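In what follows, a structure is listed as structure tokens, so that the remarks can point back to it.
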Amino acid sequence: MKAGLFICVYGVLFAASFYTYNQFYSNPTVEDAGRLLPAQVKEIAQADGEETLKEIVKQANRTGSRLTIAGMQHSQGGQTYYPGAVMIDMKPFNQVIDFQPEKKVITVQSGATWDDIQKHVNPYGLAVKVMQSQNIFTIGGSLSVNVHGRDIRHESLIDTVQSFRLLKPDGTIIRVSRTENADLFPYVIGGYGLFGIILDVTLSLTDDELYQKNTKEFDYSEYSDYFQKEVKENPAVKMHLARLSVAPSSFLREMYVTDYVTVEDQQLLKDYETLKKERIVALPKFFLGLSRYSGWGKDAFWDIQKQYMLEDNGSYESRNNVMRSETDFMAYESGTKTEVLQEYFLPVNEFADYIDDLRRVLEKEDEFNLLNITIRYVEKSDQAVLSYAKEDMFALVLLINQGRSEEEVKKSKAVIRKMIDVTLDHQGSYYLPYYSYPSKEQLETAYPRIDEFFRKKQQFDPDLRFTNHFYEEYNE
Amino acid sequence: MNYRQFVLSQSIIFMASSMIFPFYVLLLRNIGDSYSQFGWAYGLFALTSALAYPVIGKWADQFGDRALLLFYSLAMSVILLLFPLVTSVWQVYVLQIVMGILGAVQKNTEKAALTRRTDKKQAGADMGRYHFWTSIAAAGAIIVTGYLVDFLTIATIFYVASLLYAVSGFIMWQKKKSIL
Ligand SMILES: Cc1cc2nc3c(=O)[nH]c(=O)nc-3n(C[C@H](O)[C@H](O)[C@H](O)COP(=O)(O)OP(=O)(O)OC[C@H]3O[C@@H](n4cnc5c(N)ncnc54)[C@H](O)[C@@H]3O)c2cc1C
């Protein structure tokens, strides 16, 4: 009798515990900067060291677990995780292993950020050749998407990588460079973590330099010409950046550009070489906030931004500081909405026609909340199998505010696919670290070698130990 | 409770406790991460056990070994259901205190029961046999659990261990002619 009672009570408690556990605790939920794809992963494993990483891969081979690799998770389409897979957090794996200032090379573990490198090399008067405009990303994450940034003289990141070590899906380690295991070099860089774990990377550096900012206003139709003649042909210009208006009163017409021109008297560098810290961001944050909600806010933000940049014309900044620009003001917290990026590449001489076509598409999309367009330039760089710069390209980064619901994702998808069609019509391509809005056909047009890429992946990792949303979405 | 019942239920208890103890560390690793926290968790366990022993000793004589062992098994089976839900270190500490008391109940009563039964002359051989069976069960459990954690999650072992404790309780619950 008493035993029966206990069985009942125990049964209820067991069920309650099990239910609660499964509901809330069992698998950590992760998401990336896109905040559109929360997923329950099996486990988050910390990359405490090389031995730990080897053990994680070996164990996964024993148990059949799938693995994904995460750096700072600023990619936005689940490239760093997959439901039910073990997610390896690379952030703790962040030591500088070797630094030879006289040879201008550095070897770092892949969880290190650009900020870690900048702090290490800046005292020696050295700087990174190619990286994003911001320094918050990991080296592993940057290699795996083959980044590009404000620099206009060093192609993309792959061109600055000397070698790296790769922990393969079978748990062994190899060195990869242009001479050693050379066939893998163009797959792993820009390989989205699908070929194994990049352990450490040897990068070539360049001198830190002092630049003068040269900012001008333009109409979009004059930009290509200006760029070809005044920027590309002028070796003193080392970096370049432009912004195109998204404000209703000057939509996709007004723009301003900033060229970073080498200063003749480099003795001045010592006055500017201290690495800058994040400044107080309240003001830009406030105006960006306004522009999220109204056309009026967008007009105000554009005017103030342009004004500020034009007033800043002629000021000096060191190379290292140009490559550590503010990110905090972009931080956006909202339960129901999120901010996503798109990036489109297109040949320099297509620019004006392209913008006209893009404007035609977007003028019909009242609900599409486009907050910013930044333009940079990438030199032709076709080393990586998934390379986006098939020739000298402008790169347009679009910041879009959108809802997180299924309905809103669908709406964004419709507009974004139209924009990508326009881009492809102009022999352009698009960037892969973002949300999986593009269709498979669009992927194939933008990346003609994508099948070759997936085939190599399957041949190199036949058990499909490494995976992620990008792979599962587009490989059939 | 007869002797077979006793050995069987104690073997199952050993199995269950050897399942959780070595792997329990994994849970702590997920939640806390400093060695001092390990120290505190196990230290609290040992300390509460120590304080509980004198009282429990008296209870064993008063309520009988079977009642206490039964209480231990059932209480453990319930407590273990809380482990998978633990999210912070203080919760681990609280559970360690409760487990410390329960651990004292088990250890003390198990020894008392053995002493009460054992014929003084062949005590050594008896103890040897008893420890053989219980330790075999423990060894098997540890090895199997290693695989369980690899393939499943740490939470699974707490649920399995909880069920084992419940089973050990039921074995003791059955009325059998007492030899003890
Ligand atoms: C605000 C913002 C600004 C950006 N600006 C630029 C820019 O200026 N230029 C540009 O090119 N891109 C830019 N990006 C895109 C960004 O460079 C990529 O998303 C980059 O991958 C982010 O690095 P991460 O450390 O967050 O990598 P994650 O998002 O964590 O990872 C990206 C990919 O790399 C893989 N990976 C990570 N570490 C390793 C490793 N050790 N071994 C193997 N694979 C690994 C992951 O599996 C994943 O597929 C920007 C993104 C944001 C959100």
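In order, the protein sequence lines correspond to chains Y and S. Counted the way the working numbering counts, the first sequence spans residues 2 to 477. Counted the way the working numbering counts, the second sequence spans residues 991 to 1170. Beta carbons: idealized from backbone N, C-alpha and C, even for Gly. Quick caveat, the model's predicted, so the values are computed rather than measured.
Ligand 1 heavy atom lying under 6 Å from the CB of residue i
i: Met73(Y); result: yes
i: Ser382(Y); result: no
i: Met91(Y); result: yes
i: Phe138(Y); result: yes
i: Pro434(Y); result: yes
i: Ala128(Y); result: no
i: Thr81(Y); result: yes
i: Ile70(Y); result: yes
i: Tyr431(Y); result: no
i: His149(Y); result: yes
i: Tyr472(Y); result: no
i: Ile198(Y); result: yes
i: Ala34(Y); result: yes
i: Ser178(Y); result: no
i: Val146(Y); result: yes
i: Gly194(Y); result: yes
i: Gly1(Y); result: The requested residue 1(Y) is not part of the displayed model; chain Y covers only 2 to 477.
i: Ser18(Y); result: no
i: Ser111(Y); result: yes
i: Gln133(Y); result: yes
i: Ser76(Y); result: yes
Contacting residues, own chain, Cβ-Cβ under 7 Å from residue i (five flanking each side not counted)
i: Ala1128(S); result: Phe1004, Met1005, Ser1008
i: Asn402(Y); result: Arg293, Lys338, Glu340, Asn370, Leu372
i: Val997(S); result: Tyr1120, Trp1123
i: Ala1151(S); result: Ala1006, Met1009, Ile1010, Leu1070
i: Leu444(Y); result: Ile451, Tyr475
i: Leu291(Y); result: Gly298, Ala301, Phe302
Check whether residue i and residue j have beta carbons under 7 Å apart
i: Asp201(Y); j: Leu127(Y); result: no
i: Lys457(Y); j: Tyr125(Y); result: no
i: Ile98(Y); j: Leu204(Y); result: no
i: Leu1138(S); j: Ile1132(S); result: no
i: Tyr431(Y); j: Tyr345(Y); result: yes
i: Tyr193(Y); j: Phe455(Y); result: no
i: Met91(Y); j: Ala48(Y); result: yes
i: Ser491(Y); j: Arg151(Y); result: Examination of residue 491(Y) is not possible in this model, given that chain Y is present from 2 through 477 alone.
i: Gly1090(S); j: Thr1038(S); result: yes
i: Val31(Y); j: Tyr82(Y); result: yes
i: Arg112(Y); j: Asn95(Y); result: It should be noted that the sequence gives Gly, not Arg, for residue 112(Y). Taking 7 Å as the Cβ cut-off, Gly112(Y) and Asn95(Y) qualify as a contacting pair.
i: Lys365(Y); j: Phe330(Y); result: no
i: Tyr435(Y); j: Leu342(Y); result: yes
i: Leu41(Y); j: Asn23(Y); result: Here the sequence assigns Gln to residue 41(Y), which means Leu is not the residue at that position. No.
i: Leu144(Y); j: Gly79(Y); result: no
i: Gln77(Y); j: Gly141(Y); result: no
i: Phe139(Y); j: Gly72(Y); result: Looking at the sequence shown, residue 139(Y) is not Phe but Thr. Yes, these two residues count as a Cβ contact at 7 Å.
i: Pro348(Y); j: Gln428(Y); result: yes
i: Val1082(S); j: Ala1031(S); result: yes
Nonlocal neighbours in the same chain, by C-beta distance under 8 Å from residue i, ignoring five residues either side
i: Gly172(Y); result: Lys55, Val58, Lys59, Asn62
i: Glu453(Y); result: Val386
i: Val131(Y); result: Val148, His149, Gly150, Asp152, His155, Glu156, Ser157, Leu158, Asp160, Thr161
i: Thr468(Y); result: Arg67, Leu68, Thr69, Tyr83, Ala86, Leu195
i: Thr1099(S); result: Ile1046, Ala1050, Asp1055, Leu1058, Leu1059, Tyr1062
Neighbourhood of residue i by C-beta, 6 Å cutoff - its chain only, sequence neighbours within 5 removed
i: Leu1064(S); result: Gly1159
i: Ala243(Y); result: Met256, Val258, Ile376
i: Gly12(Y); result: none
i: Ala248(Y); result: Lys299, Asp300, Trp303
i: Leu185(Y); result: Val177
Practice task
Give, in chain order, every residue of the region 1064 to 1086 of chain S whose Cβ lies closer than 8 Å to some Cβ of chain Y.
Solution key: Leu1064, Ser1067, Val1068, Leu1071, Leu1072, Pro1074, Leu1075, Thr1077
Determine contact between the region 1059 to 1079 of chain S and the region 1143 to 1157 of chain S, defined as no fewer than three beta-carbon pairs at a distance below 8 Å.
-> yes
- Any 3 or more C-beta pairs closer than 8 Å across the region 378 to 390 of chain Y and the region 250 to 258 of chain Y: no
Within 9 Å of chain S by C-beta, residues of the region 206 to 224 of chain Y in sequence order:
none
key: Interface positions of the region 14 to 25 of chain Y facing chain S (Cβ-Cβ less than 7 Å), listed along the chain   = Leu14, Phe15, Ser18, Phe19, Thr21, Tyr22
Exercise. Do the region 316 to 327 of chain Y and the region 261 to 273 of chain Y meet, that is, are 3 or more Cβ pairs less than 8 Å apart?
Worked result: yes
Using a Cβ-Cβ cutoff of 9 Å, what residues of the region 1155 to 1166 of chain S are near chain Y? List them in chain order. Ala1156, Gly1159, Phe1160, Trp1163, Gln1164
### the region 213 to 221 of chain Y / the region 266 to 282 of chain Y touching (three or more Cβ pairs under 8 Å)
no
Report task. Could you list the residues in the region 113 to 145 of chain Y with a C-beta less than 9 Å from some C-beta on chain S, going in chain order? Result -> none
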